[in-house]
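Note sheet for the following structure.
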Amino acid sequence: GSSFAHVQQAPEDPILGITVAYNKDPSPAKVNLGVGAYRTEEGKPLVLNVVRKAEQQIVADKSRNKEYLGITGIPSFNKLSAQLILGSDSPAIAEKRVVTVQGLSGTGSLRVGGEFLARHYGGQKIIYVPSPTWGNHLKIFPLSGVETRTYRYFDPKTKGLDYEGMIEDLRNAPNGAVVLLHACAHNPTGVDPSQEQWEGIRRVIREEKQLLPFFDSAYQGFASGSLDTDAWAVRQFVNDGGEAFIAQSYAKNMGLYGERVGALSVIVKGAEVATRVESQLKLVIRPMYSNPPTHGAAIVSVILSDKDLFEEWKVELKDMADRIISMRHQLFDALKERKTPGNWEHILNQIGMFTFTGLNKQQVEYMTREHHIYMTLDGRISMAGLSSRTVPQLADAIHSAVV
Ligand code: PMP
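According to UniProt numbering, the stretch in the sequence shown is residues 92 to 494, in order.
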């Protein structure tokens with residue numbers, strides 16, 4: 092018999108499994124609001140024009156080859172990525188306190204950061220993640236060797252931030268612990284702290300306690316439509332002179348999902364420390380995947396270094412953000428029109444790709460079964476997967492699920 096006969100069937104991933112079920116559904120009316128991937132008004136995946144243009148340049152450039160990159164990836168990509176999140180005038184960059192390595196999108200960057208912390212962090216090897224959070228955080232950090240705990244974040248009663256609970260949990264964390272913060276457009280709740288609340292969080296992390304912020308930036312520019320607005324919180328924490336980790340993803344904001352392109356930045360106190368940190372990051376990466384892939388990072392480098400392409404990217408990015416915001420208004424209006432019981436203001440107030448509807452597991456299962464609408468069981472819907480055509484169908488489904 093097989094030496095693997097004892098292997099048990101694993102459950103589908105709670106998010107990617109939605110697409111598996113969706114693909115099996117023969118109904119022409121089916122709608123996939125599970126996975127966080129942008130769709131056009133016609134329901135099609137979008138390749139940005141600037142990405143097409145950058146790819147054409149890359150293909151035409153005969154001086155490019157398919158050699159291995161260095162362990163830390165394309166140097167210009169790393170520099171431009173740090174400037175994008177920290178601002179091109181960032182004092183931390185000028186002081187050479189920032190080490191940036193290319194990563195396998197946001198996930199791979201979080202994982203390299205996690206393993207580096209597990210090996211070298213001088214504080215408490217415990218990371219606090221929000222409750223709830225993107226499900227993969229709860230797997231990435233324990234597997235990296237960092238104990239993972241949660242802090243209060245979402246208040247189901249107000250469908251907003253549990254600010255008091257969050258502050259209390261951070262105050263009670265052991266000094267030296269790491270705190271994972273969603274840079275903007277919190278997934279899955281769409282609830283972000285206000286600027287005033289961010290300042291309160293920063294004071295606890297930096298002044299009342301000594302905690303290490305680890306930012307997960309998967310939606311820069313995608314939330315508000317502005318790259319600088321969406322980087323505001325991160326910059327507050329870096330411009331105060333303290334240390335920080337940042338994992339960046341270009342999956343959503345450049346639509347480079349499957350190209351797996353992202354970056355990990357480690358901001359430390361002092362240029363010499365930075366050099367040594369970089370040498371150890373290489374030792375984390377080398378046995379894991381040796382070195383990162385070229386194509387996606389080359390696209391990003393071309394776009395970020397060409398003034399015209401950069402400007403064009405910002406317009407395309409804002410178009411995506413605006414379409415999502417308009418879907419929020421259309422869905423809210425459709426529920427109002429139907430006089431669907433409940434307060435749906437949070438559809439308008441939440442930020443980024445998702446709405447955390449407040450629908451429970453039974454209601455979600457009903458909507459999938461009866462209306463062919465696919466979404467995660469926690470009631471999260473991807474607004475980027477909606478269109479003017481599918482809004483009425485979703486509103487009908489929500490209406491009949493709650494009445
Ligand atoms: N963090 C958060 C909060 C996310 O929502 C995502 C995308 N779903 C990621 C990280 C990373 O995704 P990727 O690895 O595709 O960049």
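From the three backbone atoms N, C-alpha and C, an ideal C-beta is built for every residue, glycine too.
Note that the coordinates shown come from a computational prediction; the quantities given were computed from them, not determined experimentally.
Any idea what DSSP makes of residue 354, helix, strand or coil? As a first step, residue 354 is located in the sequence shown; it is residue number 263 there, counting from the start. Strand.
Measure the alpha-carbon distance for residue 431 versus residue 106 and round it to whole angstroms. Position 340 of the sequence shown, counted from the first residue, corresponds to residue 431. Position 15 of the sequence shown, counted from the first residue, corresponds to residue 106. Their Cα atoms are separated by approximately 27 angstroms.
Among the candidates 265, 250 and 246, whose CA atom is the shortest distance from the CA of residue 256? As a position in the sequence shown, residue 256 is number 165, starting the count at 1. Per the Cα distances, 246.
Pick out whichever of 486, 494, 477 and 447 has its Cα sitting closest to the Cα of residue 471. Along the sequence shown, one-based indexing puts residue 471 at 380. For the residues 486, 494, 477 and 447, the minimum Cα distance to residue 471 belongs to 447.
Name the two residues that bound the continuous beta strand (DSSP E) containing residue 370. Counting from 1 along the sequence shown, the entry for residue 370 is found at position 279. Segment 362 to 380 is the alpha helix (DSSP H) holding residue 370; no beta strand (DSSP E) there.
So, are the CB atoms of residue 387 and residue 347 less than 8 angstroms apart? Counting from 1 along the sequence shown, the entry for residue 387 is found at position 296. Counting from 1 along the sequence shown, the entry for residue 347 is found at position 256. Yes; because the gap between Cβ atoms is below 8 angstroms, this pair is in contact.
For residue 450, which residues from the same chain have a beta carbon less than 6 angstroms from its beta carbon, with the 5 sequence-adjacent residues on both sides left out? As a first step, residue 450 must be located in the sequence shown, where it is residue number 359. The answer, listed in chain order, is 470.
Does the ligand PMP have even one heavy atom less than 7 angstroms from the beta-carbon of residue 273? Translated into positions along the sequence shown, residue 273 becomes position 182. Answer for residue 273: yes, Cβ within range of the ligand PMP.
If you draw a straight line from the alpha carbon of residue 185 to that of residue 414, how long is it in whole angstroms? Taking the sequence shown and counting its residues from 1, one reaches residue 185 at position 94. Taking the sequence shown and counting its residues from 1, one reaches residue 414 at position 323. Those two C-alpha atoms are separated by around 37 angstroms.
Can you round the beta-carbon distance between residue 392 and residue 195 to whole angstroms, since I take them to be within the 8 angstroms contact cut? On the sequence shown, residue 392 is found 301 positions in, with the first residue counted as 1. On the sequence shown, residue 195 is found 104 positions in, with the first residue counted as 1. Rounded, the Cβ-Cβ distance is 16 angstroms, inconsistent with contact.
Can you find a heavy atom of the ligand PMP that lies under 7 angstroms from the Cβ of residue 348? Within the sequence shown, the letter at position 257 stands for residue 348. Answer for residue 348: yes, Cβ within range of the ligand PMP.
Could you round the C-beta distance between residue 221 and residue 241 to whole angstroms and report it? I think they count as a contact, below 8 angstroms. Counted from its first residue, the sequence shown places residue 221 at position 130. Counted from its first residue, the sequence shown places residue 241 at position 150. That belief holds up - the Cβ atoms of residue 221 and residue 241 are roughly 7 angstroms apart, short of 8 angstroms.
What do you reckon, is the C-beta of residue 205 under 7 angstroms from a heavy atom of the ligand PMP? For the purposes of this step, residue 205 is taken as residue 114 along the sequence shown, with counting starting at 1. False, no ligand heavy atom lies under 7 angstroms from that Cβ.
Same chain only: Cβ atoms within 6 angstroms of residue 136, ignoring 5 sequence neighbours per side: In the sequence shown, counting from the first residue as 1, residue 136 sits at position 45. Excluding positions up to five away in sequence, the list is empty.
Where do the ends of the alpha helix (DSSP H) carrying residue 64 lie? Here the chain has residues from 92 to 494 only, and residue 64 is not among them.
Can you give me the start and stop residues for the alpha helix (DSSP H) that residue 197 sits inside? Position 106 of the sequence shown holds residue 197. Segment 196 to 211, the alpha helix (DSSP H) holding residue 197.
Rounded to a whole number of angstroms, what is the C-alpha to C-alpha distance between residue 189 and residue 310? As a position in the sequence shown, residue 189 is number 98, starting the count at 1. As a position in the sequence shown, residue 310 is number 219, starting the count at 1. Using only the alpha carbons, I get a separation of about 21 angstroms.
Sort out for me which residues DSSP pairs residue 255 with in a bridge. Working through the sequence shown from its first residue, we reach residue 255 at position 164. Note: residue 255 sits in no beta bridge, so no partner.
Let me know if residue 273 comes out buried or exposed under the rule of 16 or more other beta-carbons within 10 Å of its beta-carbon. As a position in the sequence shown, residue 273 is number 182, starting the count at 1. Counting Cβ neighbours within 10 Å, residue 273 comes out buried, since at least 16 surround it.
Tell me where the beta strand (DSSP E) around residue 238 begins and ends. Looking up residue 238 in the sequence shown gives position 147. First-last of the beta strand (DSSP E) with residue 238: 238 to 243.
Using the rule of at least 16 other Cβ atoms within 10 Å of the residue's Cβ for burial, across every protein chain shown, is residue 308 buried or exposed? Locating residue 308 in the sequence shown gives position 217, counting from the first residue. Counting Cβ neighbours within 10 Å, residue 308 comes out buried, since at least 16 surround it.
Residues in the same chain with beta-carbon distance under 8 angstroms from residue 371, minus the five sequence neighbours each way, listed in chain order, please. Looking up residue 371 in the sequence shown gives position 280. 207, 210 and 211.
Please name the residue, chosen from 275, 279 and 400, that lies closest to residue 286 on a Cα-to-Cα basis. Position 195 of the sequence shown, counting from 1, holds the residue named residue 286. Checked all of 275, 279 and 400; the closest Cα to residue 286 is 275.
Span of the beta strand (DSSP E) holding residue 471? Here residue 471 corresponds to residue number 380 of the sequence shown, with the count starting at 1. From DSSP, the beta strand (DSSP E) with residue 471 extends over 471 to 473.
Any heavy atom of the ligand PMP closer than 7 angstroms to the CB of residue 196? For this step, residue 196 is matched to residue 105 along the sequence shown. Within the cutoff, so yes.
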